[in-house]
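To start, the structure under review is shown below, and the notes come after it.
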Amino acid sequence: MLRIILYEKLTRIDFGHQTDSFYIRGGWVNIHPETFIRIHHSKEKLQMLKAENIPVKPDKHHFRSTVDNLYFTLYFPPLPDRYLSFDLIEDEPATTTLFNYYNIRINKAKAIELLNKI
Amino acid sequence: MSLNKEAYIRYKVIDECLTNRFVTYPTIQDLIAACERKLGKIFSVSAIQKDIKAMKEDDALGFLAPIKFSRQFNGYYYADTDYSINTIPLNSSDIEALDAVSDMLEAFTGSRISENFNQAVEKIFASLKEKKFQIGKKQRCIQTDTYNQQKGFENFERLLHAVANRIPVCFIHYSYKKRCFNSVITHPMLLKEFQNRWYLVAYSEQHKGLRTFGLDRIRDPLFLDKPFHEVDERIVNAYFSHIYGTYPWPGYKHQKIYFYASALMSDYIKANPIHESQKEHNVKSDGSIVFEVELIPSQELVNFFKQFSPDVVVLKPSPIVKAVEDALKTAFFRYRMNHHETQTV
Chain Y
8 MLRIILYEKL TRIDFGHQTD SFYIRGGWVN IHPETFIRIH HSKEKLQMLK AENIPVKPDK
68 HHFRSTVDNL YFTLYFPPLP DRYLSFDLIE DEPATTTLFN YYNIRINKAK AIELLNKI
Chain L
5 MSLNKEAYIR YKVIDECLTN RFVTYPTIQD LIAACERKLG KIFSVSAIQK DIKAMKEDDA
65 LGFLAPIKFS RQFNGYYYAD TDYSINTIPL NSSDIEALDA VSDMLEAFTG SRISENFNQA
125 VEKIFASLKE KKFQIGKKQR CIQTDTYNQQ KGFENFERLL HAVANRIPVC FIHYSYKKRC
185 FNSVITHPML LKEFQNRWYL VAYSEQHKGL RTFGLDRIRD PLFLDKPFHE VDERIVNAYF
245 SHIYGTYPWP GYKHQKIYFY ASALMSDYIK ANPIHESQKE HNVKSDGSIV FEVELIPSQE
305 LVNFFKQFSP DVVVLKPSPI VKAVEDALKT AFFRYRMNHH ETQTV
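Note that the protein sequences, when read in sequence, are chains Y and L.
Taking this note's numbering, the leading residue of the first sequence gets 8, the next gets one more, and so forth.
Taking this note's numbering, the leading residue of the second sequence gets 5, the next gets one more, and so forth.
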């Protein structure tokens with residue numbers, strides 16, 4: 008996970024995936040259509056709205072080598088202001104092959120405002 | 005401001021909204037708000053709808069933009085996701101207009117526009133002149149290297165805006181060497197071209213100093229609303245005054261570098277000096293020359309010595325000699341290996 012951008016109408020999360028020699032030719036990736044954000048203290052779920060540059064399951068992106076990479080972006084509804092920590096869940100139970108991230112904390116005091124938010 | 009010019013600005017604003025990857029499917033209200041912000045006046049729904057219609061259908065305007073309305077998302081979009089009015093080629097009246105201002109721009113290139121841009125501006129003028137000829141005859145007269153093929157070049161205008169307006173930028177950087185992505189916050193100082201590739205020179209918050217980033221490795225630059233970290237222009241200029249290329253070896257200072265060039269290559273190198281510090285150190289009777297340059301070692305300098313080997317041989321300092329030797333040994337080894345594997349190609 009590289010960057011979280013909080014727009015008025017969207018939450019955007021950028022990812023970079025680097026293949027290694029674990030899989031032949033780097034293997035493949037996709038994203039589960041039911042990927043969601045789980046707000047910690049309310050357990051509210053924010054369903055993924057859009058995936059950019061990564062196929063949605065059952066489609067797959069096949070890497071070409073063990074040094075290939077993929078930069079992709081997932082969009083979710085806006086995070087409620089008061090929530091500062093959440094999980095990003097592709098599927099559960101968690102496995103090492105899923106894009107699951109737990110206990111993501113947003114420190115708004117350290118966040119930087121964007122120019123030209125539209 | 006003439007009506008036509010204002011209308012053109014509205015078309016540009018609508019185009020920016022429709023190509024904005026962060027907020028897709030703008031509503032008519034979004035488009036009106038964007039136009040109002042840009043032009044500082046009120047627009048009606050019908051005015052913007054007329055603009056959309058003109059962009060779609062007006063032959064004289066020439067956009068023929070594939071604008072559609074999505075009932076599902078209650079907003080507008082381009083049916084062709086690669087479309088933008090910025091990709092529309094120049095017509096003859098555009099070229100005439102550009103030609104009219106080109107003299108004025110040329111007058112600025114000596115003083116106002118950075119020296120690094122002179123070459124690029126000259127190429128634009130050369131292309132413009134060629135296009136004028138193309139109206140009458142189809143054969144190409146001038147060919148320039150095309151930079152827009154470089155991956156990441158689509159961010160050029162955005163980064164140029166950041167440099168010109170001193171706006172900090174956050175982007176995702178991919179390191180070919182380390183094979184990893186990073187989110188970096190930079191304060192762009194300069195766009196530099198070297199051998200048909202563009203680079204951003206910026207103060208990096210992560211590195212706490214000036215760094216060079218190839219445009220091909222930069223993804224999704226976003227403007228940040230925070231104070232700009234100024235770097236003294238003398239430091240920026242010094243960063244490049246003793247370098248061939250863009251990536252100095254970390255920790256190395258500028259130093260005297262000696263290299264031999266065969267008679268054939270000597271003529272070429274004399275005609276195209278690799279740096280202003282270049283001197284002829286020792287001219288031999290066969291026409292070969294030992295040259296001296298004072299530079300910070302860089303990857304591009306090593307590449308130069310590799311590229312023209314064996315007609316160019318670096319003599320000292322030893323770290324550069326070793327870097328070139330190692331690269332050539334590896335190349336030799338791979339050629340040998342590939343020779344045995346040609347059956348599998």
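In this text, a Cβ means the ideal position worked out from N, Cα and C, and glycines have one as well.
So, are the CB atoms of residue i and residue j less than 9 Å apart?
i	j	result
residue 33 (chain Y)	residue 70 (chain Y)	yes
residue 55 (chain Y)	residue 65 (chain Y)	no
residue 37 (chain Y)	residue 67 (chain Y)	yes
residue 248 (chain L)	residue 278 (chain L)	yes
residue 9 (chain Y)	residue 21 (chain Y)	yes
residue 263 (chain L)	residue 162 (chain L)	no
residue 81 (chain Y)	residue 59 (chain Y)	yes
residue 257 (chain L)	residue 297 (chain L)	no
residue 302 (chain L)	residue 250 (chain L)	yes
residue 239 (chain L)	residue 210 (chain L)	no
residue 36 (chain L)	residue 13 (chain L)	no
residue 338 (chain L)	residue 74 (chain Y)	no
residue 223 (chain L)	residue 178 (chain L)	yes
residue 112 (chain Y)	residue 26 (chain L)	no
residue 293 (chain L)	residue 284 (chain L)	yes
residue 105 (chain Y)	residue 229 (chain L)	no
residue 107 (chain Y)	residue 97 (chain Y)	yes
residue 300 (chain L)	residue 252 (chain L)	yes
residue 154 (chain L)	residue 200 (chain L)	yes
residue 309 (chain L)	residue 273 (chain L)	no
residue 206 (chain L)	residue 198 (chain L)	no
residue 74 (chain L)	residue 29 (chain L)	yes
Checking contacts by CB at 9 Å: is residue i closer than that to chain B?
i	result
residue 76 (chain Y)	The structure shown has no chain B; the protein chains it does contain are Y and L.
From what residue to what residue does the beta strand (DSSP E) around residue i run?
i	result
residue 318 (chain L)	316–320
residue 202 (chain L)	201–208
residue 188 (chain L)	184–198
residue 225 (chain L)	222–227
residue 173 (chain L)	173–179
residue 75 (chain L)	Premise fails: residue 75 (chain L) is in no beta strand (DSSP E) and is neither H nor E.
residue 216 (chain L)	213–218
residue 31 (chain L)	Where residue 31 (chain L) is concerned, there is no enclosing beta strand (DSSP E), given that its DSSP letter is neither H nor E.
residue 10 (chain Y)	10–13
residue 261 (chain L)	259–265
residue 154 (chain L)	Neither: residue 154 (chain L) is in no beta strand (DSSP E) and is coded neither H nor E.
residue 53 (chain Y)	52–54
residue 21 (chain Y)	18–25
Could you pull the start and end residues of the alpha helix (DSSP H) that residue i belongs to?
i	result
residue 162 (chain L)	160–169
residue 44 (chain Y)	That residue, residue 44 (chain Y), is in no alpha helix (DSSP H); its beta strand (DSSP E) goes 43–46.
residue 242 (chain L)	237–245
residue 17 (chain L)	7–22
Which residues in the same chain as residue i place their Cβ atom closer than 6 Å to its Cβ, once the five residues preceding and following it in sequence are excluded?
i	result
residue 118 (chain L)	Confidence at residue 118 (chain L) is low in this model, with a pLDDT of 42, below 50, so its placement is unreliable and the value that follows should be read with caution. Hits under 6 Å: none found.
residue 305 (chain L)	248
residue 57 (chain Y)	82
residue 156 (chain L)	219, 220, 222
residue 52 (chain Y)	43, 45
residue 331 (chain L)	310
Between which residues of its own chain and residue i is the CB-CB distance below 8 Å, once the five residues before and five after are set aside?
i	result
residue 72 (chain L)	80, 81, 82, 83
residue 111 (chain L)	Since pLDDT at residue 111 (chain L) reaches only 46, below the 50 mark, its modelled position is unreliable, and the value read off the structure follows with that caveat. Here the set comprises nothing.
residue 31 (chain L)	78, 79, 80
residue 46 (chain L)	40
Using a Cβ-Cβ cutoff of less than 7 Å, which residues in the same chain neighbour residue i once the five nearest sequence positions on both sides are dropped?
i	result
residue 115 (chain L)	In this predicted model, residue 115 (chain L) has a pLDDT of only 37, less than 50, meaning its place in the structure is not dependable; the value taken from the coordinates is given anyway. Closer than 7 Å at the Cβ level, and outside the excluded window around residue 115 (chain L), lies no residue.
residue 88 (chain L)	19, 23
residue 16 (chain Y)	85
residue 7 (chain L)	Because residue 7 (chain L) carries a pLDDT of 48, less than 50, the predicted location of this residue cannot be relied on, and the following value inherits that uncertainty. Once the five neighbours on either side are set aside, residue 7 (chain L) has no close Cβ partner at all.
residue 27 (chain Y)	73
Would you check whether the ligand SAM has a heavy atom nearer than 8 Å to the C-beta of residue i?
i	result
residue 110 (chain Y)	Looking at this structure, you won't find the ligand SAM or any other ligand, since it has none at all.
Unbroken stretches of the beta strand (DSSP E), 3 residues or longer, contained in the region 60–119 of chain Y: Runs of the beta strand (DSSP E) inside the region 60–119 of chain Y: 76–83, 92–96, 108–112.
If contact is defined by three or more beta carbon pairs under 8 Å, each pair taking one atom from either stretch, is the region 321–329 of chain L in contact with the region 265–275 of chain L? No, they do not touch.
Scan the region 37–63 of chain L and note each continuous alpha helix (DSSP H) run of 4 residues or more that stays entirely inside, going in chain order. Here the runs fully enclosed are 49–61.
Mind pulling the alpha helix (DSSP H) runs of 4 or more residues that sit fully within the region 270–336 of chain L? You should have 303–311.
Should the region 232–242 of chain L be called in touch with the region 169–177 of chain L, which here means at least 3 C-beta pairs below 8 Å? Yes, the region 232–242 of chain L touches the region 169–177 of chain L.
If contact is defined by three or more beta carbon pairs under 8 Å, each pair taking one atom from either stretch, is the region 82–91 of chain Y in contact with the region 191–209 of chain L? At 8 Å Cβ cutoff, the stretches do not touch.
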